[in-house]
Structure formats: C-alpha cells, structure tokens
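Enquirer: Chains as they are written, first to last, in this note's numbering: chain Y, 110 to 202; chain H, 110 to 202.
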C-alpha cells in the first residue's frame, strides 16, 4: 500500500552559492516547488521525505548551513496565513 | 480559558532591507526566535498568530514580498528533520 503523502516544507540557510543551488536542484528533483528564496514545498510520503533529507544533508556535508524538513498536516495547512505582493510588470511608458 | 498555543513558523521574502528588519522586529516582539535568516518560530495561540500576521502584512504594505505564517501541531513537530552546521570559531593560530 502506498504511504500517505503529506505537505512538506524544506527551509535552508546555506552560505555557499554552489551548494545552495545543488540543494534547490534536489528539492526540484523531488517535485517540490519554490515558495520563497530559500524555501520549497510539496507533497512527499515519509520515505521520500527522509530520502530527500539524507540527500540534502549529504550535499551540505560539513559546510556551514542549516536544513529543516517539516511535514505539515491538512488541519495545520488549513490555518496557513499568506500574503504575496508580486513585483509590478515593467511598464514601457 | 486561555487558547492553546501552537508552534508557529513565520517565513518571509522581503526585498527592502528596512522593511525586512521591521518584520523581524515584529517576530521578536511576539516572542519568536530566529531559526534561519528569513524564518522565525515560536509558540502562539490562534489570536496572537492572526494579530502578528496582520502586523506583518501592514508592515509589508504594498511593497514586493511574501509572508507565510504556518502553525504546526505536535505530531508534525515530532517528525521534523534538522541539520545545523555551525561556523567554526575563529582560530588565533
């Protein structure tokens, strides 16, 4: 039986640019979507969540940085508070 | 009766430095702790969570940026995956 998926947030603070890029590429490989500059989110089951975390941790290695992988249940998701102000499209005038 | 508190994450992507500082000050005012460069966490009840979100949204105003306030229950908290590599202390040698 397939394991249930759960909304998962990945937050990271990585000093090195190349490592940060590899971290974001790993998140994309697991189907996550970038929600902020250093945050991704998407649905993963428990096994994939752990697998992704191990890949991220291996990618970070001994470099300075922080990784946080946090599952969030539907009840909590329903209480999220969001505000997004997009940049205005550039005008020709 | 006091409302139950819940672990709350605040994530933000803010372009303007001054506004970003004011956002982080608001998080500190509500007793949250900085866990990453643009992420705070702490325990808030539902009313305080909404109050903080309104303050953050007002602070952001019409500027470009994103705010996310996400409560996380204890069950989800117990499944968090964390990795923190601190910078080595500077050596005199």
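All residues carry an ideal CB built from backbone N, CA and C; glycine is no exception.
Quick check on this structure: which residue in 194/H, 155/H, 156/H, 165/H has the alpha carbon closest to the alpha carbon of residue 193/Y?
Expert: Position 84 of the first chain holds residue 193/Y. With distances taken between Cα atoms, residue 193/Y lies closest to 165/H.
Enquirer: Could you check what DSSP says for residue 202/H in three-state terms: helix, strand or coil?
Expert: Stepping through the second chain from its first residue, residue 202/H is reached at position 93. Note on residue 202/H: pLDDT 49, under 50, position unreliable in the model; the coordinate value appears next. DSSP places residue 202/H in coil when its eight states are reduced to three.
Enquirer: How would you list, in chain order, the residues of chain Y whose beta-carbon sits under 8 angstroms from the beta-carbon of residue 184/H?
Expert: Taking the second chain and counting its residues from 1, the one referred to as residue 184/H is at position 75. Simply 182.
Enquirer: Mapping DSSP to helix, strand and coil, what is residue 122/Y?
Expert: As a working note, residue 122/Y is residue 13 in the first chain. Three-state result, residue 122/Y: strand.
Enquirer: Which stretch, first to last residue, makes up the alpha helix (DSSP H) that contains residue 171/H?
Expert: The residue labelled residue 171/H in the question sits at position 62 within the second chain. Where residue 171/H is concerned, there is no enclosing alpha helix (DSSP H), given that its DSSP letter is neither H nor E.
Enquirer: Does the count of Cβ pairs from the segment 181-195 of chain H and the segment 151-171 of chain H closer than 8 angstroms reach three?
Expert: No, because fewer than three Cβ pairs between the segment 181-195 of chain H and the segment 151-171 of chain H fall closer than 8 angstroms, the two stretches do not touch.
Enquirer: Skipping 5 residues on each side, what residues in its chain have a beta carbon closer than 6 angstroms to that of residue 139/H?
Expert: For the purposes of this step, residue 139/H is taken as the residue at position 30 of the second chain. Taken in chain order, the residues that qualify are 161.
Enquirer: Does the beta-carbon of residue 151/H have 16 or more other beta-carbons within 10 angstroms, so that it is buried, or is it exposed?
Expert: Residue 151/H sits at position 42 when you count from the first residue of the second chain. So residue 151/H ends up on the buried side.
Enquirer: Please name the residue in 156/Y, 176/Y, 111/Y whose C-alpha comes closest to that of residue 131/Y.
Expert: Your numbering for residue 131/Y matches position 22 in the first chain. Checked all of 156/Y, 176/Y, 111/Y; the closest Cα to residue 131/Y is 176/Y.
Enquirer: Can you pull the chain Y neighbours of residue 142/H, defined as C-beta to C-beta under 8 angstroms?
Expert: Position 33 of the second chain holds residue 142/H. Chain Y residues near residue 142/H: none, gap ~13 angstroms exceeds 8 angstroms.
Enquirer: Rounded to whole angstroms, what's the CA-CA distance from residue 118/Y to residue 145/Y? Just pull it up for me.
Expert: Locating residue 118/Y in the first chain gives position 9, where the first residue counts as 1. Locating residue 145/Y in the first chain gives position 36, where the first residue counts as 1. Approximately 11 angstroms, taken between the alpha carbons.
Enquirer: Once the 5 residues before and after residue 168/Y are set aside, which same chain residues still bring their CB inside 8 angstroms of it?
Expert: Counting from 1 along the first chain, the entry for residue 168/Y is found at position 59. Closer than 8 angstroms at the Cβ level, and outside the excluded window around residue 168/Y, lie 128, 131, 132, 135.
Enquirer: Let me know the secondary structure DSSP gives residue 196/H once reduced to three states.
Expert: By one-based count along the second chain, residue 196/H stands at place 87. Coil.
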